[in-house]
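Participant: The structure that follows is given in the form of structure tokens.
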Amino acid sequence: MLRAYAEGMPQEDGSVLTTRFISTLGSSGTTDTGTWYASRDIDLTCMGDGIESIEYSLSGPNASRVGGQNATGQAIVRFDALYNGETGENESLPENNGTATSYVVTYDGQAADERAFNRTLYAEFPTDDALDAAEALSQQMSEIGLSEPTWEEAVQQAEAYIALHRLLEKRSADLLASTTLTMTAHLQGGGVQSHAYSISLREDFDSILDEWLDSQVEPTAAINCYRDGPDHTDDYAAAQERLQYIYSQPPNLFVLTELEQK
18 MLRAYAEGMP QEDGSVLTTR FISTLGSSGT TDTGTWYASR DIDLTCMGDG
68 IESIEYSLSG PNASRVGGQN ATGQAIVRFD ALYNGETGEN ESLPENNGTA
118 TSYVVTYDGQ AADERAFNRT LYAEFPTDDA LDAAEALSQQ MSEIGLSEPT
168 WEEAVQQAEA YIALHRLLEK RSADLLASTT LTMTAHLQGG GVQSHAYSIS
218 LREDFDSILD EWLDSQVEPT AAINCYRDGP DHTDDYAAAQ ERLQYIYSQP
268 PNLFVLTELE QK
């Protein structure tokens with residue numbers, strides 16, 4: 018039997034504000050084809066009894082079976098798997114047992130799979146005027162006072178960088194909000210059992226995200242301003258510690274709602 022996946026704080030409508038599933042934005046940037054990408058870590062460990070293997074799958078209007086480069090410029094959501102180990106010269110990467118929209122892992126092999134692969138939810142989407150402007154401003158600000166920026170310049174740099182990050186958070190989150198995650202357990206005695214969950218944004222998504230990102234401006238500016246300042250080593254260290262603490266306390270931004278149970 019596959020136990021219900023979603024963990025977190027139950028909401029009045031029966032959904033769950035998840036505390037362990039989808040992270041805030043991880044890596045992001047542009048691809049060779051000019052589209053933006055953004056990935057989020059996910060925790061897909063499931064618990065149950067008498068389970069042989071578990072298949073995880075994505076569905077929805079943006080779920081894409083295409084892995085690798087997106088030549089069409091369309092918005093897509095898919096799984097990605099980054100191998101955590103090392104390979105020798107001319108040695109191919111190990112099989113990750115999946116495609117862009119699904120993968121299978123044995124029940125007893127979940128921990129080993131987690132060690133071997135960093136599995137993420139990967140969103141790819143075309144640029145727009147707001148993203149282009151934010152990227153240009155961030156680049157412009159990063160070139161001001163490259164060696165020793167003033168405090169005002171360092172704040173402007175941090176604000177421009179975080180403004181771009183904010184847009185990428187929201188663009189990629191909007192794509193995930195139209196996606197369904199299904200976990201199908203293949204039972205040892207035969208048969209299957211599934212749980213399907215819609216992914217949506219929490220009601221106060223924008224304000225919660227904005228508050229978290231805004232808290233990063235001052236320590237980020239301090240790091241930029243004091244990085245090479247011998248008279249501010251304590252300020253620099255304190256800013257690093259503050260920023261690491263903020264990163265370690267990401268907000269819960271997504272809601273999982275069970276759609277069906279088989």
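No gaps in the numbering here: position 28 of the sequence shown is 45 in the numbering used here, and each next residue is one more. Positions of the beta carbon are idealized from the N, C-alpha and C atoms, including for glycine. Since this is a predicted model, take the numbers as computed values, not measurements.
Classify residue 141 as helix, strand or coil using the three-state DSSP reduction.
Facilitator: Residue state, collapsed to three classes: strand.
Participant: Rounded to a whole number of angstroms, what is the C-alpha to C-alpha distance between residue 274 and residue 77?
Facilitator: Roughly 15 Å separates the two Cα atoms.
Participant: On the three-state DSSP scale, how would you describe residue 59?
Facilitator: Correct three-state label for residue 59: strand.
Participant: Report all residues from its chain with a CB closer than 6 Å to the CB of residue 230; omit the five preceding and five following residues, and keep chain order.
Facilitator: Here the set comprises 179, 183.
Participant: Which two residues bound the contiguous alpha helix (DSSP H) that contains residue 218?
Facilitator: Premise fails: residue 218 lies in the beta strand (DSSP E), 209–218, not in any alpha helix (DSSP H).
Participant: Using a Cβ-Cβ cutoff of less than 6 Å, which residues in the same chain neighbour residue 263 once the five nearest sequence positions on both sides are dropped?
Facilitator: 232, 233, listed in sequence order.
Participant: Going by alpha carbons, who is nearest to residue 141 out of 159, 60, 181, 192?
Facilitator: Ranking 159, 60, 181, 192 by Cα distance to residue 141 puts 192 first.
Participant: To the nearest angstrom, report how far apart residue 245 and residue 39 are at their CA atoms.
Facilitator: Whole-angstrom Cα-Cα distance: 36 Å.
Participant: In whole angstroms, give me the CA-to-CA distance for residue 206 and residue 153.
Facilitator: When rounded, the distance between both Cα atoms is 58 Å.
Participant: Going straight from the alpha carbon of residue 213 to that of residue 276, what length do you get?
Facilitator: Going by the C-alpha atoms only, they are around 5 Å apart.
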